[in-house]
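Protein chains in written order, with numbering that gives the first Met the number 0: chain A, 0 to 353; chain B, 0 to 336.
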Amino acid sequence: MKRKIYILIIFIFFSSFFRGEVFDFNHKVFAAGAATVQATIKITVCGNNIKETGEQCDGSDLGGATCSSRGFSGGTLSCGASCDFNTSACTSGGGGGGGGGGGDGGYVAPVTSVVFSGRAYPKSAVTLLKDAQIAATTIAGADANFQISISGLAGGNYIFSVYSEDNKGSRSSLLTFPVSVTSGATTNVSGIFVAPTIAVDKSEVKRGDNIAIFGQSVPGSEVTISVNSDEEFFNKIKADAGGAYLYNFDTSVLEIAQHFTKAKAALDGAISSFSKVISFSVGTKNITAIPEKTILKGDSNNDNRVNLVDFSIAAYWYKRSLSTAFKPIEIERLNGDGKIDLIDFSIMAFYWTG
Amino acid sequence: MDWVAASRNFQFFPPKRDPAKAVAIFKQIPMTKIQKFKIVLAACLLLFAAIPVFAAEISFDAKTRELKVNQLFEVGVFINTDGESINAVEGKIVFPEKLLKLKEIRDGNSIINFWIERPKVSNGEVLFSGITPGGFIDKQGLIFSIVFRARQAGRGSVEIREIKALLNDGKGTATNTTISNLELVISGLAPLETPSLTGPTAATPPPVVENKDIDLPETFEPMVASDSAIFDGKYFLVFATQDKGSGIGHYEVREKFWAGFVTAASPYLLQNQRLDKKIFVKAIDKSGNERVVMLPPQKPLPWYRHYAIFAILLVLIVVGFLLKKLWSRYFTKNREL
C-alpha cells in the first residue's frame, strides 16, 4: 500500500511540475514561459578603451589589428572617434613619401552620447523616451530600420524606452531598457526590435467564424500570434514587404467567453517582445471592432497621451478625497476604486506615451 | 478498480487544469481516511515545492554592518525584480534614531523616474513611492541610498516595511515581495578620517564617497495645461527632470520679469492666467547646480497690446519735450546776455 501511495505522490509531483507553464506539448510552438520573451538588446560603449562586439576598435584597444593586417605595408593604425579604424597614418607599398606634418594637437572635448538602432515598421514614426520623457523622434526607413542619436547627457543610469506607430496610427507597446551611460563616451544600443502592433476586426465573433488578427512589423519577419483561452494557441505568419500581417483565426476551437491575443516577431535570429494584449469575445453574433482612436486608461486629461500632465493631475489627488469632477475620470481611466493610490500610477505607467 | 490500474489512466502530460479527472480516480482508490489525509498533505507540500514562486526582493547592499561611533556610511536600497517587469514601488525604511542620524538621501541614479513621494525622513522613517513608466527588469536596481552617521554604540537594524511592488501589466497587480533587513553593530569610536588600510569587508562598509556633482540637472521642457479636474480648470504648470549626480533638490518658478523665483512643486498653479509672459523654471540639484529653462508666452500679446512700449515712448516724448524746452530757454538766455 505504501508503495502505491509513494507512486501517486510522485505522479502528482511530476504532473504539477510539468504543467503548461514549463512544457506544453499541446502547443504548436514550444514556449518556455510564454509570458516572458527575452528580446536581446546589445549595449556597447565606444570610448571605454575596450573593443566590444560591433566595434572595430576602441581607443587604444585595436583588437590586435595593425596597418599590415589591414592591407597596408606599414605605418601606425589608430582608432577613430566612432570606434572604427583610422588608416590615415598607414602607408602603402612603393617609395616612401615624405612624412606628413604633425597634427594641430587641438583638443576635442569628449561627448557623452547614446546611439540607438533597431527595427520598427516601414516608414513609421519612432519615439525615444529618456527617463519617461520624449527625447527624440525619427522616421524608420522602408526596411523598418531606424537610428536615433542623443547627446549632451551626464554619466549615470538612464531608463530609455522606444515605441512606434504603424501606418494606421496604432501604437506599439513600450520597449524599456536601463542603460548605464559612461561620461565622455558613446554608448551604442543596438538590436532594438519594436513589438508588432496588433488589432482585431471584431470585438465579438460568432463561434466558428473567423476573426482577423492583423498589424504591422518588420517586412519579411515571422509573426507568432498567440490566442489565449484555457488552452493557448500559437500560429505563425510571415509579414509582407510592407511589414503588414493578417491571420484569420478559426474560433471554432474557442469556448464562448472572452479571449486575448498578442503577437511577437522574429527575423534573422532576433526576436521582439510581445505586443499589447487585445481582447475579443466569442459569442453568438459578430460585432465589428471600433478602431482604437483614443487612449482611455491613464489618460486623465483626454489628450490621447499619457504623460507628465496626467501624472501631475493624479499626483494632485494622491491621498486626497476626489472631487465630483475627477471621480468619473478615475472610474473610466484609472482603476475606479474612488481613490488615487499606487495602483492608479501603475496603470498610468503601463499606458505611458511620454 | 486497483489504483495502480487507475494511475495508468493518467497521462504523463494530462489535459491542462483538469483536476476533476484526478479527483474522480483518486476517489476510486480504497484507502483509510488517515492514508488519504497523508496523501493530500504530501501532495500539497509537493505542489507548493514544484510551482516556481516569483517574488521581487527589496534589500540593502549588505546584510550586516560593523561600525564605529561617528562613522559615516551609505546604505543602498535595491530591488531585484526576479525577471518580472515592475513599474511601481512604495514602502518605508525604518531606522533606530537612537543609534543613527540620517545625513543625506541620494536618489540621483534611481531606477524610479517619477516620485509620487520623494524619499524623505520623518520620525525615523523614510517613506518613498514612485513609478517607472514602461517598467523595468533588474537584478539590482537602485531605488535610492541613505547616508547615516552612527550616533552611539549598540545593536540595531534598518528595516524595510510595507513594501508594495506592482507589475507592469496595465492593472497594477501586486507581485509577491520579500525583504532583507540590515543588522548593525556599532562599537567604539571611529578614528578621525583615517582611511582603512585593510579595505572594506562584507561587514565593514566602504567609506562614503563624497558626491562631487558638477553636472547640471538634465534639460527639460515644462508644460502648461488646464483641466477641470484640478485648480478649477485654471492653467497650471508641470515639470520634472533628473539629476544623475546628487539628485534633484527642488524647483523654483518665476512668472514675471521683475519678480524673483519662488520654490514650487509640480503641478504649480500659475499666477498669470493670461499666459502672456515668459515662465522660467529652475531645477536645483542637491549640490546646488542649477538649470533654468524658459517657456515662451503661450498666448503672446500682439505688439500694440504691449503697454510697456507705449509707456516708454511716452516717457521718451516727455523727456524730449522737456529737453527741448530747457535747451530753448538756455539758448534764449545766452542770446540776451
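Cβ atoms here follow ideal geometry from the backbone N, Cα and C, with glycine treated the same way.
Predicted model only: the values in this text are computed from it and were never measured.
For a cutoff of 8 Å on Cβ pairs, would you count residue i as touching chain B?
i	result
residue 175 (chain A)	yes
residue 357 (chain A)	Shown here, chain A extends from 0 to 353; a query on residue 357 (chain A) therefore has no answer.
residue 334 (chain A)	yes
residue 192 (chain A)	no
residue 58 (chain A)	no
residue 124 (chain A)	no
residue 296 (chain A)	yes
residue 328 (chain A)	yes
residue 337 (chain A)	no
Which residues in chain B sit within 7 Å of residue i, going by Cβ to Cβ distance?
i	result
residue 344 (chain A)	87, 115, 130
residue 308 (chain A)	222, 224, 237
residue 268 (chain A)	Within chain B, no residue comes near residue 268 (chain A); the closest Cβ sits about 21 Å away, beyond 7 Å.
residue 117 (chain A)	Ordered by position in chain B, no residue passes the 7 Å Cβ test against residue 117 (chain A), which lies about 16 Å from the chain.
residue 325 (chain A)	228
residue 255 (chain A)	By Cβ distance, chain B contributes nothing, its closest Cβ being about 18 Å from residue 255 (chain A), past 7 Å.
On the DSSP bridge list, what partners appear for residue i?
i	result
residue 141 (chain A)	Answer is none; residue 141 (chain A) lacks a bridge partner.
residue 74 (chain A)	A:89
residue 242 (chain B)	DSSP, once it has assigned bridges, lists no residue as partnering residue 242 (chain B).
residue 397 (chain A)	Absent from the model: residue 397 (chain A). The displayed extent of chain A is 0 to 353, so no value can be given.
residue 277 (chain A)	A:260
Report yes if the C-beta distance between residue i and residue j is below 8 Å; otherwise report no.
i	j	result
residue 280 (chain B)	residue 292 (chain B)	yes
residue 254 (chain A)	residue 229 (chain A)	yes
residue 172 (chain B)	residue 183 (chain B)	no
residue 186 (chain A)	residue 49 (chain A)	no
residue 153 (chain A)	residue 111 (chain A)	yes
residue 163 (chain B)	residue 346 (chain A)	no
residue 368 (chain A)	residue 348 (chain A)	Outside the shown range of chain A, which is 0 to 353, sits residue 368 (chain A), and nothing can be said about it.
residue 99 (chain B)	residue 53 (chain B)	no
residue 143 (chain B)	residue 93 (chain B)	no
residue 141 (chain B)	residue 120 (chain B)	no
residue 84 (chain B)	residue 135 (chain B)	yes
residue 262 (chain A)	residue 223 (chain A)	yes
residue 347 (chain B)	residue 240 (chain B)	What the structure shows of chain B is the stretch from 0 to 336, and residue 347 (chain B) is not part of that stretch, so it cannot be assessed.
residue 133 (chain B)	residue 160 (chain A)	yes
residue 117 (chain A)	residue 193 (chain A)	yes
residue 274 (chain B)	residue 296 (chain B)	yes
residue 129 (chain B)	residue 88 (chain B)	yes
Mind listing the chain A neighbours of residue i? Cutoff is C-beta to C-beta under 9 Å, in chain order.
i	result
residue 135 (chain B)	158, 175, 176, 177
residue 214 (chain B)	153, 154, 155, 182
Give the residues of chain A in contact with residue i, contact being defined as C-beta atoms less than 8 Å apart.
i	result
residue 397 (chain B)	In the structure as shown, chain B starts at 0 and stops at 336, and residue 397 (chain B) therefore has no counterpart that could be examined.
residue 272 (chain B)	Those within 8 Å of residue 272 (chain B) in chain A number zero; the least Cβ separation is about 17 Å.
residue 265 (chain B)	307, 311, 314
Given that residue i touches chain B, what residues does it touch there, using C-beta distances under 8 Å?
i	result
residue 200 (chain A)	In chain order: nothing, as chain B lies at least about 22 Å away.
8 Å is my cut-off, CB to CB: does residue i come that close to chain A?
i	result
residue 108 (chain B)	yes
residue 155 (chain B)	no
residue 186 (chain B)	no
residue 217 (chain B)	yes
residue 171 (chain B)	yes
Using a cut-off of 9 Å between C-beta atoms, extract the partners of residue i located in chain B.
i	result
residue 244 (chain A)	Near residue 244 (chain A) there are no residues of chain B at all, since even the closest Cβ is about 23 Å away, more than 9 Å.
residue 131 (chain A)	112, 113, 130, 131, 132, 133, 239
Against residue i, what residues of chain A qualify as contacts under a CB-to-CB distance less than 7 Å, listed in chain order?
i	result
residue 92 (chain B)	Correct list: empty, because the minimum Cβ distance to chain A is about 17 Å.
residue 229 (chain B)	312, 315
residue 163 (chain B)	341
Would residue i count as contacting chain D if we go by Cβ distances under 8 Å?
i	result
residue 243 (chain B)	Any reference to chain D falls outside this structure, whose protein chains are A and B.
For residue i, verify whether its CB is less than 7 Å away from any heavy atom of the ligand FAD.
i	result
residue 151 (chain A)	What this structure holds is no ligand at all, so the ligand FAD is not there to describe.
How do the region 250-260 of chain B and the region 306-320 of chain B stand: do at least 3 beta-carbon pairs fall below 8 Å, yes or no? Here the region 250-260 of chain B makes no contact with the region 306-320 of chain B; the two share fewer than three CB pairs at distances below 8 Å.
For the 8 Å Cβ check, are there 3 or more pairs between the region 58-77 of chain A and the region 200-215 of chain A? At 8 Å Cβ cutoff, the stretches do not touch.
Is the region 132-143 of chain A touching the region 168-180 of chain A, taking contact as three or more C-beta pairs under 8 Å? Between the region 132-143 of chain A and the region 168-180 of chain A there are fewer than three C-beta pairs closer than 8 Å, too few to call the two in contact.
For the structure I just gave you, are there three or more beta carbon pairs, one from the region 335-343 of chain A and one from the region 310-323 of chain A, closer than 8 Å? Taking 8 Å as the limit for Cβ pairs, the verdict is that the region 310-323 of chain A does touch the region 335-343 of chain A.
Tell me, please, whether the region 56-68 of chain B touches the region 102-122 of chain B by the rule of three or more beta-carbon pairs shorter than 8 Å. Segment contact: the region 56-68 of chain B against the region 102-122 of chain B, fewer than three CB-CB distances shorter than 8 Å; contact not assigned.
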